[in-house]
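Asker: First to last, the protein sequences are chains A, B, C, D and E. When the letters of the first sequence are read in order and numbered with my numbering, they come out as residues 30 to 259. When the letters of the second sequence are read in order and numbered with my numbering, they come out as residues 30 to 259. When the letters of the third sequence are read in order and numbered with my numbering, they come out as residues 716 to 970. When the letters of the fourth sequence are read in order and numbered with my numbering, they come out as residues 716 to 970. When the letters of the fifth sequence are read in order and numbered with my numbering, they come out as residues 1044 to 1350. Each residue gets a CB set at the ideal place from its N, CA and C atoms; glycine is no exception. Since the structure is predicted, the reported quantities are computational estimates derived from the model, not experimental observations. Okay, handing you the structure first.
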Amino acid sequence: MHLECNNLNFTYPGSKVAVIDNLSFSMKNPGFKAIFGPSGIGKTSLAKIVANSNTKIDGDIITESMDTILYSYNLERLPGWLSAGNHLNKVTPAGKEALKEELIHIFELYDLLDSRFSQLSMGQQNRMNLIRYLLQDFDLLILDESLANVDEKLRESIILAIKELFANKMFIYISHNLMEVSKFCSQILVFGKTSENKGCFMINGQDYKKNYQLDKHKLDITMLEIMNAF
Amino acid sequence: MHLECNNLNFTYPGSKVAVIDNLSFSMKNPGFKAIFGPSGIGKTSLAKIVANSNTKIDGDIITESMDTILYSYNLERLPGWLSAGNHLNKVTPAGKEALKEELIHIFELYDLLDSRFSQLSMGQQNRMNLIRYLLQDFDLLILDESLANVDEKLRESIILAIKELFANKMFIYISHNLMEVSKFCSQILVFGKTSENKGCFMINGQDYKKNYQLDKHKLDITMLEIMNAF
Amino acid sequence: MLFKRIYQFLIVYTISILFLLMIKMVLSLSDYVIPGVPLIIETAGQVFKTYFFDVMNTLSITVLGQFMSIIMAFTVGIAGRKSSWIGSFIKVTAYNIQAYPIVALAPIIFILLGDGFISRLLIASMICYFPLLLSVLGIMATPVEDVEHFYIVTGQMRWQLEVKIRAFENLSKLTTVISGSATLAMAGTIVAEFIAANAGIGYSIRIALYQSDLAKILIALFVIGIIISMYQGVLETIGEQIKTKWSVSNQGEVI
Amino acid sequence: MLFKRIYQFLIVYTISILFLLMIKMVLSLSDYVIPGVPLIIETAGQVFKTYFFDVMNTLSITVLGQFMSIIMAFTVGIAGRKSSWIGSFIKVTAYNIQAYPIVALAPIIFILLGDGFISRLLIASMICYFPLLLSVLGIMATPVEDVEHFYIVTGQMRWQLEVKIRAFENLSKLTTVISGSATLAMAGTIVAEFIAANAGIGYSIRIALYQSDLAKILIALFVIGIIISMYQGVLETIGEQIKTKWSVSNQGEVI
Amino acid sequence: TPCYAKEIKVNYRLKWLFNTSVAGDLYADEQGYFKEAGLMVNIKEGSPEKNAINELELGYANFGVASADQVIRALDKGAKIYVIAQLFQVNPMQWIYRTDQPEIKTLQDLRGRKIGVTFGGNDETIMNTLFAKAGITKNDVIITGVRFDFTPFLKRKVDVWPVYRNSQGVILENKLAREGEAVYFFNPADFGVNFVANSVITSETMLKKKPEIVEKFLGALLKGWEAAMNPENKKIALEIVKKLDKGNNDEIRRHQLIATRDLIKPFSALKIGTIKANAWKQTEHIMLKEKLIKKSVNIETRLIQVK
Ligand SMILES: Nc1ncnc2c1ncn2[C@@H]1O[C@H](COP(=O)(O)OP(=O)(O)OP(=O)(O)O)[C@@H](O)[C@H]1O
Ligand SMILES: Nc1ncnc2c1ncn2[C@@H]1O[C@H](COP(=O)(O)OP(=O)(O)OP(=O)(O)O)[C@@H](O)[C@H]1O
Ligand SMILES: [Mg+2]
Ligand SMILES: [Mg+2]
C-alpha cells in the first residue's frame, strides 16, 4: 500500500498563488497518516485532489494497491426524510450488519438512531456521517475534520477502534489537534507556514494502538518536531 | 456582570428526554467562561436558550448588566456576492475601523480580504465570521466552536488578543479542547455524561492572559478536575 | 386560515367593483358598458346558482388537471435536469411547446384527440404544467453538495435518490409552487372549456362574452374567486401537513 | 449552445410534422384537415416573410412584457413573502387575479385601457408573471439560516439584504426560471395579440384560424419556434454570465 | 307487431353554440323526429377551433353545419364534402348602427363611417365586396378590427359593427333599447351581395354509401325546422331552446326566434333547406376574386338538393 506524490502543483483558477507548490511525499503501509498544518495552507485541497482522480493537476499521484479512495468531511449531511438509523441501514452493504452494530456502539450513537439528522448535535452528526464511510469498501479513507465537535475522550476510543477494526486500510487524518496526530498517526505530513517560508516535512508519529505502551517522552519529541516544522 | 440560571429545564418538542434538566449555575464578571462536556450533551442548546430570550423555557435566566447577548457558531456563512473584506466593511460600525484592521491582522486574514467567502478554507471562514461578531456591540458573546478548524497556535494568539481587547466583556467559549478551556477560561461549566449519572459542575480555570505566568501544575489540576467531572 | 383567505378575497373583489363603478360614474358610462349595482344584483339572482355549479364542475377538472400537470412537470423536470444532450433536448421540446399559445395548438389537439374530455384535460394541464416545470427544473438541476457527496463518491447515487434529496431540501419551495399552481390549473381549465367544452364556467364565460354581458362576467369572477380561495386553502393545509410529516425540520427551529 | 438549441428545435419540429403527415396518410385526409407537403411549402413561400416580421414584432413586445413581469413578480414576491396579514393579502390578490383566465379579464382591461399597445403589454405580462411569482415567492419565503443569522441577531437585517441573500443563494434556480419564462412571455404576447391586437403573429394566427388554414398555423409555429429558441439561447447566455459575474461559486467546484 | 331496427347513431356538429339560431335542429331532436326516422342523433356545439368539415373527414361526425366560405375553402383543398341543404336563405352576418347616425340607403352612404370588420372573417370578405361594388377604397372609410367584445361599439369608437343579426343583433338591440337608443341593421343582401351562410353538409362517403341515412336525417331535420319556424309552434320551440340556452332571457329568445324566421324562411312559400345555386356561385366568385381560393371549385357540382 502506497500513496506517492511527485512535484504536485495546484492553483485555483483565477488565483495567483499556488495552493500546492511542488509537493512531493510518500505514505506507505496501512494505518493512520495525517496532514497537519496551519489553517488555509491547503490540506483540504490536497485531500480532494488525491481523492478525485479527475482533477486536472500538474505532477504525479501514484497509488499502489489502492483502488478506492474516499474523502469525507465534517459538513456533510444525511438526507432528512427518514431517521438517521434508517439511512444508515440503507447504505450498509449486505454482510456488514454486524460491523454496523459494532460501530454504532463504539460511536455511542445507539440512542440516536431514531432521530432525524437535523435533530442531532454537531458532534453526533459528524459521527453518524463517518460511520457511513467506514461501512463502504475503500482502501484509503480521508477524514477531513470528520471527528470535529466530538469530545476528546470519545474521539480517542473511536480512533483506536478504527485502527483495530480496519487494520489493513490506510487513513489520512486531517485535524488541528497536535497531540492527537502525534499520538495516533504513523506518518504526519506537516505543512509549514508559507509566510515563514517553511517547506513541507514528513514526520514519524507514535502510531499508538490499543494495549500498546505509549512512550510519553517520545510523544513529546514528536510534538516538538512538528511544532518546529510548522 | 452576571449570568445566572436557576432550575432551567428544556425538552425539544416531540422528544422524551430533557436536554437540560434542572440546571442551575452562575457566571460572574467579564472574561472567558466555558461550557464543556461530551458531544450531544446540550451545550449548543443551552447557548441558544441563553442568547434567545424568546424561547419558551421552564426556569429562570437572570442577566445582570448584559443587554446584548450574541450567539455565533461555526457553520455560519457570509453572503457571496462581494469579497469577504467588503462584507466585513459593511458591518463595521462607524468608529470601529481601526479595531477591524487590528482584528484582521490578529486573525491573519489580511491576504484574504479580496476572496469570496466560498473560496476560503474552513478555518479561514470561521475566523472571518468571528471578526464580524467582535465588531458589534455586545455584552456577552457565545462562541460555539467558532474557532474550529483553526490551528492551535493561531487559536491561542486569537484568544489572548480577544481577552486583552475586550477585557470588560463576557465570552462563553464552547470547545472540545480540554487543555484550551482549562488554560484560558476563568469558569468552566462541565456537563457530566448522563449515562454515567454525573451532574453538572462549575470548575475554576487558569484564566491565562498575555504576559501572565502560567502555572503548569495548576493547569494539570484543573484538567484533572474536569476529567473527573466528565 | 381558510376564512382569512375568503375574507381577503372579498375585500379585493369589493375594491375592484368599487373601482369599476367609480370609473362608470366619472365617465358617466351607460349600463351596457359597465353594469350598475342593480343590474349586477339582478344578474346575480339569475345566474349565481348556475355559475356556482359550473365552477364546481370546472373545479373537478382542475383537480385532475393539476394532478396530471404535477406528474408531467416532474417527469419532464427530472428527465431534463441533466445538462446532457438528451436532457437539453427534452427541455427544448418542453419549452417550445410552451411558447405556442394553446389557441394555436387547439385545432391540432382536436384533430388528434377529438373534442371529448381528454382534449379538455390535456389543454388544462398543458397550461398549468409549464410554470411547475420551471420550478422543478430549477430545483432538480441544483446539486445539494453536502448531502449528495457521500452517495456520489461511493457510487450509490441513483436518479431516484438524487431527485428525492433535491425535492426534500426544497420542500417548502415545492409546496409553495404546487399549491400556487392551483390557480393556474383553474385558469387553464377555464381556457380549455372556453375553447373546447360544453360545460363548466369557461363555457358560460364564452356565452356571456358572446352576449357582451359584463355583469355575468363579474358574477363568474366572483364565484371563481371564492371557490379558488377555498381550494387553495385546502391545498396549503395539505402542504403544511406533508411538510411536518416528511420532515421534522420545523421542530428543529424551536430555539 | 445557441446552435444546439436551434438544431434540437428543428428535430422536434420535423418529427411533429412527420407525425401529422403520417396521420394524414393513414386516414387519407384532405389538405383541408392536414395540409400536405406541397401545400405547406407553397404556403411557406407566401407567408414566411410576413410571419417572420410578425414574430419579430411580437418578440419586441415579449421582451418588454417579460421585463415588466420580472419586475412585477419580484415586487409581489418580495412584498408577499412574509406570513403577515398584509403579506398574505398581497398573495391572495395575486393568486386570485391569476385564477381568472385572461379571456374573462380582457373585456375589463379593454374598457379601462382601450385596445392599444398598453393592453397588449399588460395581458402579455400578466400571463408571464405568475409562474415567475410562484418561484420568487418560494425562494423569498425560505430563510437561509446560516447566512442570515448574523444579521438578524445583530439587528442589521433589512428587507433588501434579506432579498439579496435569498436571491443569491438561489441564483441558478432564478436564472432557470427567468430564462424559461421567455417562452411564457412569448405565449402571453401571442394570446394578447390573439384577443387584442391588429399586429403580431398572434393576430395572424387568429386570421389563419378563422380560415381553418392549418398550413399557415404550422408555418407560424415554425417561425415562433426558431425565434424563441434563439431568444432563449441569448437569455441563457446572459444568465450564465450573471452567475459567473455575481458569484464565483463555479470556480469553487474545480476539485 | 312491428319489429324496430336498432337506432342508428349519428353525430351532428353545429357551427356555433346552442341558441335560437339552431332552434330547428333542437326541435327535430326533442320532438322525436330523428327517432321516428330510426336515428339517434348526437347534436354537438361548434366553435372556430372545432369545425364540422374536419370532423366529417376524421369520422368524428356524420353531418355538420358549415358556412359557405368554409365549404368552398375545404373544396379548394380537396375535401370530399357535399352541401345537402341551405339553412339560411339570408346571411345573418349584418352590421348594426345607431339611429342617431344617418341611415345607409345606398352603398355610397358608407363613406366616412367608422366600420368594424373581423379581419380574416367572412364579414371582411363581404364588406370588401361591397366596397368594390361601390368603388369605395380603404381611404374613404375608417376600418377597425373587431374582436369578440363589443366595447368599441358601445363606447362609440366604432359606428357600424358586424353582428349575427338573429343572435347578437337582438341582444345588442335590446341592450341599447334599455338606454333609450334605437338601431338600424345594414344587410348586404339589400345591396345585391348574397354571400351564403350556414348549410348542412355531409361527406362523400356518407352520401354514396348510406344515402338512405342521409335522406332520413335530412327529412327529419327539415321537418324539425319547418315546425320550429311555424309561428303556431313558437311556444314549444322557445321551450326547447330554453332548455339548452340558459344564457338569455325569454324576451330575448322570443325576438331571436322572430329574427331567425326572417332569415330561414323569409316567405311562407319557401321550403326550408332550399339551396340557392346562384347565391353559391356568387359566393364562389367573390372568394375567387378576393383570392381566398386559388381555383374555381365548381361549387354547383357539390350542391345536392336531397328530395
Ligand atoms: N475555490 C477556491 N478558489 C480559490 N481559492 C481557494 C478555493 N478554495 C480554497 N482556496 C484557498 O486555498 C487555500 C487552501 O485552502 P484549503 O481549504 O485547502 O485549506 P486547509 O488547509 O484545508 O485549511 P483549514 O484547516 O482552514 O480547513 C486557502 O488559502 C483558500 O483561501
Ligand atoms: N431540533 C432538535 N430536536 C430534537 N432533539 C435535538 C434537536 N437538536 C438537538 N437535539 C438533541 O439534543 C441533544 C443536545 O444537542 P446539542 O446540539 O445541544 O449538543 P452539544 O452539546 O452542542 O453537542 P456537540 O458538542 O456535538 O455540538 C442531542 O442529544 C441532540 O440529539
Ligand atoms: Mg480544510
Ligand atoms: Mg454543539
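Would DSSP call Glu174 of chain B helix, strand or coil?
Answerer: coil
Asker: Quick check: is any heavy atom of ligand 4 less than 6 angstroms from the C-beta of Ser150 of chain A?
Answerer: yes
Asker: Please say whether Ser94 of chain A and Ala113 of chain A have beta carbons closer to each other than 7 angstroms?
Answerer: no
Asker: What three-state label does DSSP hand Leu107 of chain A in the structure shown?
Answerer: coil
Asker: Which of helix, strand or coil does DSSP assign to Glu860 of chain C?
Answerer: helix
Asker: What's the call for Pro1045 of chain E, buried or exposed, on a 16-neighbour Cβ count within 10 Å?
Answerer: Any reading at Pro1045 of chain E needs caution, since the residue's pLDDT is 48, under 50, leaving its predicted position unreliable; the model's value is listed next. So Pro1045 of chain E ends up on the exposed side.
Asker: Could you give the DSSP three-state label for Lys1278 of chain E: helix, strand or coil?
Answerer: helix
Asker: Is Thr73 of chain A near ligand 1, going by C-beta to nearest heavy atom under 6 angstroms?
Answerer: The answer is yes for Thr73 of chain A.
Asker: Which of the residues in the stretch 117 to 135 of chain A, read from start to end, lie with their CB under 7 angstroms from any CB of chain C?
Answerer: Val120
Asker: Quick check on the DSSP output: the beta strand (DSSP E) that includes Glu33 of chain B runs from which residue to which?
Answerer: His31 to Phe39
Asker: Could you tell me which chain C residues have their CB closer than 9 angstroms to the CB of Gln1211 of chain E, listed as they occur along the chain?
Answerer: Tyr925, Gln926 and Ser927
Asker: Quick check: what's the CA-CA separation for Glu1247 of chain E versus Asp769 of chain D?
Answerer: 39 angstroms
Asker: Please find out if some non-hydrogen atom of ligand 2 comes closer than 6 angstroms to the beta-carbon of Tyr202 of chain B.
Answerer: no
Asker: What do you reckon, is the C-beta of Gly903 of chain D under 6 angstroms from a heavy atom of ligand 2?
Answerer: no
Asker: With a cut-off of 7 angstroms, does the C-beta of Val748 of chain D fall near any C-beta of chain H?
Answerer: As a matter of chain content, chain H is missing from the structure shown, whose protein chains are A, B, C, D and E.
Asker: By Cβ distance, which residues of its chain are closer than 6 angstroms to Trp1059 of chain E, with the 5 residues on each side in sequence left out?
Answerer: Gly1089
Asker: Could you tell me the boundaries of the beta strand (DSSP E) in which Gly282 of chain B lies?
Answerer: Shown here, chain B extends from 30 to 259; a query on residue 282 of chain B therefore has no answer.
Asker: Chain C partners of Thr773 of chain D, CB-CB under 9 angstroms?
Answerer: By Cβ distance, chain C contributes nothing, its closest Cβ being about 10 angstroms from Thr773 of chain D, past 9 angstroms.
Asker: Residues of chain E with CB under 8 angstroms from Ser745 of chain D, in chain order?
Answerer: Glu1100, Ala1117, Lys1120, Gly1121, Ala1122 and Lys1123
Asker: To the nearest angstrom, how far is the alpha carbon of Tyr157 of chain A from that of Leu141 of chain B?
Answerer: The amino acid occupying residue 157 of chain A in the given sequence is Met; Tyr does not appear at that position. Answer to the nearest angstrom: the Cα atoms are 33 angstroms apart.
Asker: Do you know offhand how far Phe865 of chain C's Cα is from Ser101 of chain A's?
Answerer: 8 angstroms
Asker: Residues in its own chain within less than 8 angstroms of Ser927 of chain D by CB, not counting five upstream and five downstream?
Answerer: Tyr747
Asker: Helix, strand or coil: how does DSSP classify Tyr1035 of chain E here?
Answerer: Lying before the first or after the last residue shown, residue 1035 of chain E is absent from chain E, which here runs from 1044 to 1350.
Asker: For Lys62 of chain B, which beta-bridge partners are listed by DSSP?
Answerer: B:Ile201 and B:Gln216
Asker: Checking the sheet assignment: what are the DSSP bridge partners for Ile726 of chain C?
Answerer: In the DSSP output, where bridge partners are listed per residue, Ile726 of chain C has none listed.
Asker: Let me check understanding here. Comparing Cα to Cα, which of B:Ile191, B:Leu183, B:Val179 and B:Asn178 lies closest to Leu164 of chain B?
Answerer: Taking the Cα of Leu164 of chain B as reference, the smallest distance to any Cα among B:Ile191, B:Leu183, B:Val179 and B:Asn178 is reached at B:Ile191.
Asker: Tell me, which residues are paired with Gly1188 of chain E by DSSP?
Answerer: E:Val1160
Asker: Please classify Trp874 of chain D: does DSSP put it in a helix, a strand, or coil?
Answerer: helix
Asker: What residues of chain E sit near Pro753 of chain D, judged by a beta carbon separation below 8 angstroms?
Answerer: Residues of chain E passing the Cβ test: none, with the nearest at roughly 11 angstroms.
Asker: What does a CB cutoff of less than 6 angstroms around Ala914 of chain C pick up in its chain, not counting 5 residues either side in sequence?
Answerer: Asn772
Asker: Where are the alpha helix (DSSP H) runs, 4 residues long or more, that stay fully inside the stretch 114 to 183 of chain B, in chain order?
Answerer: Secondary structure remark: continuous alpha helix (DSSP H) runs of at least 4 residues inside the stretch 114 to 183 of chain B, in chain order: 126 to 135 and 151 to 163.
Asker: Quick one: is Asp867 of chain D near chain B, going by C-beta distance under 7 angstroms?
Answerer: This sequence places Ile at residue 867 of chain D; Asp is not what is there. No - not a single Cβ of chain B is within 7 angstroms of the one on Ile867 of chain D.
Asker: Please confirm whether any heavy atom of ligand 2 lies closer than 6 angstroms to the CB of Asn178 of chain A.
Answerer: yes
Asker: Please name the residue, chosen from E:Pro1274, E:Val1133 and E:Ala1122, that lies closest to Arg1102 of chain E on a Cα-to-Cα basis.
Answerer: This sequence places Gly at residue 1102 of chain E; Arg is not what is there. That would be E:Ala1122, whose Cα lies nearest to the Cα of Gly1102 of chain E.
Asker: I'd like to check one pair, Glu131 of chain B with Met861 of chain D: are the Cβ atoms closer than 7 angstroms?
Answerer: One point to set straight first is that residue 861 of chain D is Asp, not Met, in the sequence displayed. No, the Cβ-Cβ distance between Asp861 of chain D and Glu131 of chain B is not below 7 angstroms.
Asker: Name the chain E residues that come within less than 7 angstroms of Thr765 of chain C, Cβ to Cβ?
Answerer: Lys1289
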